[in-house]
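In the UniProt record's numbering, the protein residues as written are 1 to 130. No residue lacks a Cβ here, since even glycine has one placed at the ideal position from N, Cα and C. Predicted model only: the values in this text are computed from it and were never measured. Remarks on the structure that follows.
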Amino acid sequence: MNKELVIIGVVRSSIKDLSTAPKMEDAPGAVQATIEIDPLYAEGLDSMQAGAQLELLTWLHQAERDVLKVHPRGDKKRPLRGVFTTRSPFRPNPVGLHRVTLVSIKGTTLTIEPLEVLDGTPVIDIKPKP
Numbered sequence: 001m002n003k004e005l006v007i008i009g010v011v012r013s014s015i016k017d018l019s020t021a022p023k024m025e026d027a028p029g030a031v032q033a034t035i036e037i038d039p040l041y042a043e044g045l046d047s048m049q050a051g052a053q054l055e056l057l058t059w060l061h062q063a064e065r066d067v068l069k070v071h072p073r074g075d076k077k078r079p080l081r082g083v084f085t086t087r088s089p090f091r092p093n094p095v096g097l098h099r100v101t102l103v104s105i106k107g108t109t110l111t112i113e114p115l116e117v118l119d120g121t122p123v124i125d126i127k128p129k130p
């Protein structure tokens, strides 16, 4: 049994630059994107249907991992806060949580929206929204 973090897919998005990426999925600039699931995990998509509300977990691979305090949403006018009280991608383990809607599914390609992550972001899990 594998006990290491597994990348199950990758995001394909029109967002290419970290400095211009939206801060949250409800922020202006969040886009429709696709997730290419590794065929090894195709069976895990069984019964998934368009319209489903999902929680997508990603590995924010370009995030800084040694930051423990940030200005919320990058706004320097706001006082520094501990990263565990924010949704900053900069944290010891940069796991992203994204609430999205499944627009369509074709084979192992999922079209979702809205999403605010960079093209090439690894996907580590998908869960139905409770």
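Neighbour-count burial assignment, residue i, 16 or more Cβ in a 10 Å radius
i	result
V6	exposed
L18	exposed
L97	exposed
A33	buried
L102	buried
T121	buried
S13	buried
E43	exposed
G82	exposed
L56	buried
Terminal residues of the beta strand (DSSP E) in which residue i lies
i	result
R78	From DSSP, R78 is part of no beta strand (DSSP E); its letter is neither H nor E.
L57	Q53 to W59
H98	V95 to K106
I112	T109 to L115
G9	G9 to R12
T34	V31 to I37
Closest residue to residue i among the options (Cα-Cα distance)
i	options	result
T111	L118, T121, V100 and L57	V100
I105	E116, D75 and Q49	Q49
P90	K69, L80 and G107	The sequence given here has Phe at residue 90, not Pro. Of the candidates K69, L80 and G107, the one whose C-alpha sits nearest the C-alpha of F90 is K69.
V67	R87, L54, K77 and S14	R87
L118	N2, L80 and A30	A30
P94	R65, F84, R81 and H71	R65
I15	I126, L115 and P130	L115
K127	L80, G82, S47 and G107	S47
residue 177	I124, K129 and Q53	For residue 177 there is no data in the structure shown, the boundaries of the chain being 1 and 130.
L45	T108, K129 and E113	T108
K129	A52, F84, N2 and I8	A52
A21	R73, L80 and P92	R73
Residues sharing a beta bridge with residue i, DSSP
i	result
D125	L57
K69	G82
Segment contact, 8 Å Cβ cut-off, at least three pairs: the stretch 35-46 with the stretch 59-69: They do not touch, by the three-pair rule.
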